[in-house]
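Report on the following structure.
Number of protein chains: 4
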Amino acid sequence: MIVAMQEKATEEQIDNVIDAMVEAGVSVHRTTGAIQTILAGVGPTASLDLSKFELLPGVLHVHRISSPYKLAGRSFRPEGTVVEFRNGVKLGGERVVVMAGPCSIENRAQIFETAERVKAAGGSFLRGGAFKPRSSPYAFQGMGIPGLELMREAADAYGLLVISEVMEISQIEPMLPYVDCFQVGARNMQNFNLLRELGLVRTPILLKRGIAATIEEMLLSAEYILSGGNYNVILCERGIRTYETATRNTMDISAIPVVKKLSHLPIVGDPSHGTGRRDMVAPMARAAVAAGADAILVEVHPNADKAASDAAQTLYLDQFDKLMSELRVIAAAVGRTL
Amino acid sequence: MIVAMQEKATEEQIDNVIDAMVEAGVSVHRTTGAIQTILAGVGPTASLDLSKFELLPGVLHVHRISSPYKLAGRSFRPEGTVVEFRNGVKLGGERVVVMAGPCSIENRAQIFETAERVKAAGGSFLRGGAFKPRSSPYAFQGMGIPGLELMREAADAYGLLVISEVMEISQIEPMLPYVDCFQVGARNMQNFNLLRELGLVRTPILLKRGIAATIEEMLLSAEYILSGGNYNVILCERGIRTYETATRNTMDISAIPVVKKLSHLPIVGDPSHGTGRRDMVAPMARAAVAAGADAILVEVHPNADKAASDAAQTLYLDQFDKLMSELRVIAAAVGRTL
Amino acid sequence: MIVAMQEKATEEQIDNVIDAMVEAGVSVHRTTGAIQTILAGVGPTASLDLSKFELLPGVLHVHRISSPYKLAGRSFRPEGTVVEFRNGVKLGGERVVVMAGPCSIENRAQIFETAERVKAAGGSFLRGGAFKPRSSPYAFQGMGIPGLELMREAADAYGLLVISEVMEISQIEPMLPYVDCFQVGARNMQNFNLLRELGLVRTPILLKRGIAATIEEMLLSAEYILSGGNYNVILCERGIRTYETATRNTMDISAIPVVKKLSHLPIVGDPSHGTGRRDMVAPMARAAVAAGADAILVEVHPNADKAASDAAQTLYLDQFDKLMSELRVIAAAVGRTL
Amino acid sequence: MIVAMQEKATEEQIDNVIDAMVEAGVSVHRTTGAIQTILAGVGPTASLDLSKFELLPGVLHVHRISSPYKLAGRSFRPEGTVVEFRNGVKLGGERVVVMAGPCSIENRAQIFETAERVKAAGGSFLRGGAFKPRSSPYAFQGMGIPGLELMREAADAYGLLVISEVMEISQIEPMLPYVDCFQVGARNMQNFNLLRELGLVRTPILLKRGIAATIEEMLLSAEYILSGGNYNVILCERGIRTYETATRNTMDISAIPVVKKLSHLPIVGDPSHGTGRRDMVAPMARAAVAAGADAILVEVHPNADKAASDAAQTLYLDQFDKLMSELRVIAAAVGRTL
């Protein structure tokens, strides 16, 4: 940590800050310039609340130097994390992985038809939600565990893996037999109790960026899971809230290269939630792969217009086929396969 | 709902949209202008996902007309809601209510000293957190139920009410004996499962605005609680995320008059979280009361520098005394008492 | 325009609103629903300030239906605009155009070396700033017209076109002999006096999106230029301000498909300003082309570290060569050439 | 400046960074911690582009320590700036100043009636725009200099001062005889050429915060004017762009105490542009004064509904009278007069 003192800070104020730093377990190196004194602190600052120092008399600014995350940082595993699933599919390696399926699991016909087409087009994961707490109290709330049973059956029939969202600690146990990857939704990115429990399982976790979360905050949430011992964490960019209203969210494509620089964890693009509009999904999926995404998570439905949730952002199966062939060429352009 | 067709929309496209609206249970009135056709739909549109219509061929825009909330809307109770607590304190009426206390309950001495001073200065509620999932996995996590026992004891000793944050459904039952008001934190504003359960209790709920939530979304979350039968909902502005970094969040003071216009529910200002800086708390508390807030929620601590959490935004007790006397004059200026 | 009345609006209030609409030259169609009255207005609403109607007694919301822009709208020229330059280069057609060069023109050696390399790599435009009002009053302020002379000479020597930023009305005339395309910077996107004058010249205009501008506002600014008679307008996405601080701005890649849908004007991606970091330029340039951008505007410099301005976001010439070969493959993936 | 090296930075990388710092005229102090090396640089860093250092191999982060503004900083004039006008009115002192008038000057009757009422209610300044470049090319564009003549006449008749917006360098000279204070609009906050010219006049300048500008950027723009020798700069908060759409902008009331802390310059609140809605103007004006604003800038019009511009946010004269009496009490609550 660095404490920059105000130009007119007194010796007493400086000493007072040094004492507070030492008390917090930090070693202090002082630099006295012509106009300003700077205190560099080295020690266990990752767990300190630095804002207290900012309010001490005579202090101008306090800067954190070491990243507040360690296990999620690039330097922890410079070669990058590759998450390997039980059927040998690897996420984070040379191959760009595709995860596709409906927003909500609705019935057997829907999920089987989707699985068949996702597999045929080259997808690796079947996605689908079983629990759907909706922003309107009057909307469809999901099939629950019976939905997951159907999805597992369909995935197994076509050699796909299963990813589904976990919303509460109490759902972890019942979901475990059915999923190959837990998805943590944007609203739960900072549900630290849930993250802590997910750190204790060994099933991989796809952690979605919160709608107002910085990339640093997403990495800190990943740290929570990693610190529990679950090293199979996959990050996901799905759009942030900005002032622009032409799209539901603004998909921050630049988060992909930023994550690649700061962390060793794989990063997935979700153009369905990132845009909220079916006609924007394909261009944004292509952009995500072009920018270096390790996987794409996309909503598809055999009868997209009638989907029980998220209909407007769900691709028709034919659109999905076309997208897959475009992505195959883009992947090649960035030295990958699909 | 209103569907505006594109200038060059064909009759077939228009008919197709009308069919889709009728199928959704909506009556359609058509206006054919010189350049554009407009379809006005009347019916149960509150629960419809309008974005599907936006993707139909020939559609330019779809607008929702009726508010997506009903019970939270001003017209449901034009005279305004006054929440009355068991000791007769009313929130939403003429008197501006003050809720104060530490971020976290730490020990008996701390909470009793705070209670004494809050009462002496004219406060009505003792606030304090028992469960503190922190963004860093290494920080203090709260005292739990034993902390609530201490806070209840202190509040009773000084004739104060108790407000504390509930973070999970499983905490509702154990907290019930200790609290006069449940607080729902910003991160849980859209935890719809939690909101639904809180709709079933009869203890009042203070619902904080999410860090990236619009005022409309906050009202829709209130609707969730109200629709369960709990009509004692209090809203709270505590800062939103913007590009400005001089303050931790940007406290949206204008949310106070906006809520007063759109809803009958009381609205509280939280200048501690709204700014994240002790030296900004007093001006923003004054601004909130001047703009019409029904209550102020503020962090105070007998030893603010050493507070186990949120130290930087916590007032010293002397600062709190001074703030209370300022607020008293401001309240009078807007025709209220404190 | 649509006026949605409040549920409890009186007949007198409704009549009053109808009168105000008629007075403004709008024909009114009334829809009386079970709970709500809706007034659809058809007429010259593009130039009306609709917010006045919002404050009339009994009004719930006012919605604009027709786009506030006409000439910039997709339906004005559904086939899309292709801007053709004097040497036959077309922007908006099959070929993805590359514009590259230093932030500021510094000296002959710099601009000639850059021109040679830009041409060799397949670029069509040499870019470079002559006027550089900087946010710090102490920094390099640009070479002015002598810089443009140098850039023109270098561009002609290598068969390139010239694009440079115009910052004031008084610069238009002196710049005219030197530039093939005027660039309007983000800070001037709503300098309507400047836009009006640029509507009167016949040189194409590249209009950059303001740092806090919506896509609709960018199209309205384009309308200003188009309405003066200059139909050669090219839009440019260069990053918007959001709460994320890992990149200087958040480059809104989704603006590219949104503009393609709403407008017939070509759209360019500027990954240098979009990210502010050299190491993010290549991934974001690839993403822009993958999402459908018609051109890329990128900062390159023979000695990028020592560039007089924007050094941190400027590519080395070798990085530029590599990027060009990647973009060539991506362009093919979306059915284009480069 | 502080350069934090990556954990695994080599000695060669560290030396390379030190060389680059020294070359830029900065003295370097090195702190070698157990895991990380920190380089503190002291010298003329205010004018350095620090982002170049961020891209050097082995660098983790670069932090600026000294404020990039000097003349605008609090420490330059700790007692605060009071701007005194020719009739003795002081802005920045004990008295809260009120500036009121129409968005646009329209005709003699309008501006005289307004002046009479503003004076009667206790206002000190008559505001009004003469040049109105509008976002729609079809709207009223202002009366120009003849409008200023009328406003000067009306102000003199009632003993008021005149404030009006300057939009271009060419308007400075012609406006000089008519105005007591130049207003720089939000869109011109970073028009550095205009700011430089305004630094050379001796008329006070009211500088509005840009819609996407940070407080630091506003202070840097003020620095531009101050560095030209014009020390009479007044800042103005008028709303920033956020994701919330219930108000046109989000008025950042916390900017008022932040400016008070960082700078010695007076700060004004503009609730008309801050909210865009007449019914929000009074609560936000009260909030601004409660938070410590030195003045209020507000739009009033004898016939607000028919105002040629900004009708929706303009107060009726009776509303203005009522607001003035409320503000008088609030001012007293914060130890001021009005």
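Chain order of the listed sequences is A, B, C and D.
With this note's numbering, you'll find the first sequence wraps up at 338, consecutive numbering, no jumps.
With this note's numbering, you'll find the second sequence wraps up at 676, consecutive numbering, no jumps.
With this note's numbering, you'll find the third sequence wraps up at 1014, consecutive numbering, no jumps.
With this note's numbering, you'll find the fourth sequence wraps up at 1352, consecutive numbering, no jumps.
Where a beta carbon is used, it is the ideal one built from N, C-alpha and C, also for glycine.
Per the coordinates, the alpha-carbon of Met324 of chain A lies some 36 Å from the alpha-carbon of Ile549 of chain B. Inclusion of Tyr1257 of chain D and Tyr243 of chain A in the CB contact set at 8 Å is warranted, their separation being smaller than that value.
Gly144 of chain A is outside the set of residues whose beta carbon lies under 8 Å from a beta carbon in chain B. Interface criterion met: the Cβ of Gln374 of chain B is under 8 Å from a Cβ in chain C. The region 116 to 125 of chain A and the region 150 to 167 of chain A touch, with three or more beta-carbon pairs separated by less than 8 Å. In the three-state reduction of the DSSP assignment, Ile563 of chain B falls in the helix class, which pools H, G and I. From the beta-carbon of Ala459 of chain B, no residue of chain A is found nearer than 8 Å; the closest lies around 22 Å away. For Tyr654 of chain B, same chain residues with a beta-carbon under 6 Å away, outside a window of 5 residues either side, are Ala642 in chain order.
DSSP places Gln859 of chain C in no alpha helix (DSSP H) but in the uninterrupted beta strand (DSSP E) bounded by Cys857 to Val860. Considered as a whole, the region 889 to 939 of chain C harbours 891 to 903 and 931 to 938 as its complete alpha helix (DSSP H) runs of no fewer than 4 residues, in chain order.
Contact of Arg286 of chain A with chain C is assigned, a C-beta pair being separated by under 8 Å. Exclusion of the five residues before and after Gly25 of chain A leaves Gly43 and Pro44 as the residues of its chain whose Cβ lies within less than 6 Å of its Cβ. When Cβ-Cβ separations below 8 Å define contact, His1077 of chain D makes contact with chain A. In the three-state reduction of the DSSP assignment, Gly1055 of chain D falls in the strand class. Within the DSSP bridge table, the entry for Val704 of chain C names C:Gly717 as partners. DSSP lists C:Cys912 as the beta-bridge partner residues of Lys884 of chain C.
The beta-carbon separation of Met1265 of chain D and Ile591 of chain B, rounded to 7 Å, stays under the 8 Å limit for a contact.
Taking C-beta separations shorter than 7 Å and ignoring five residues to either side along the sequence, the partners of Gly1094 of chain D in its chain run Gly1106 and His1278, following chain order. Around the beta carbon of Thr613 of chain B, a 10 Å sphere encloses 16 or more other beta carbons of the protein chains shown; the residue is thus reported as buried. From the listed residues D:Glu1211, D:Arg1201 and D:Arg1210, the smallest Cα separation to Asn869 of chain C is found for D:Arg1201. Taking a cut-off of 8 Å for Cβ pairs, the region 565 to 584 of chain B and the region 194 to 209 of chain A do not touch, as fewer than three such pairs fall below it.
Here the alpha carbons of Ile553 of chain B and Phe391 of chain B stand approximately 25 Å from one another.
Between the region 738 to 752 of chain C and the region 771 to 785 of chain C, the count of Cβ pairs shorter than 8 Å is below three; the stretches do not touch.
Residues of the region 608 to 623 of chain B with a C-beta less than 8 Å from any C-beta of chain A: Gly614, Arg615, Arg616 and Asp617, listed in chain order. Glu12 of chain A is outside the set of residues whose beta carbon lies under 8 Å from a beta carbon in chain B. Collapsing the DSSP output to three states places Glu1127 of chain D in a helix. Interface with chain D (8 Å Cβ-Cβ cutoff): Val606 of chain B is excluded. Along the region 1307 to 1331 of chain D, the positions whose C-beta sits under 7 Å from a C-beta of chain C are Asp1319, Ala1325 and Ala1326, read in chain order. In the three-state reduction of the DSSP assignment, Lys1104 of chain D falls in the strand class, which pools E and B.
For Ala290 of chain A, a Cβ of chain C is located within less than 8 Å of the residue's own Cβ. Residue burial is scored here from C-beta neighbours: Ser897 of chain C has at least 16 other C-beta atoms within 10 angstroms and is therefore classed as buried. For Asp928 of chain C, the chain A residues whose C-beta falls within less than 7 Å of its own C-beta are Glu244 and Thr250, listed in chain order.
For a cut-off of 8 Å, the C-beta gap from Glu422 of chain B to Pro640 of chain B is around 31 Å, too long to register as a contact. Taking 8 Å as the threshold, the shortest C-beta distance from Lys1066 of chain D to chain C falls below it. Within the region 67 to 79 of chain A, Ser75 place their CB atoms closer than 7 Å to a CB of chain D, listed in sequence order. For Pro1058 of chain D, no Cβ of chain B is located within less than 8 Å of the residue's own Cβ.
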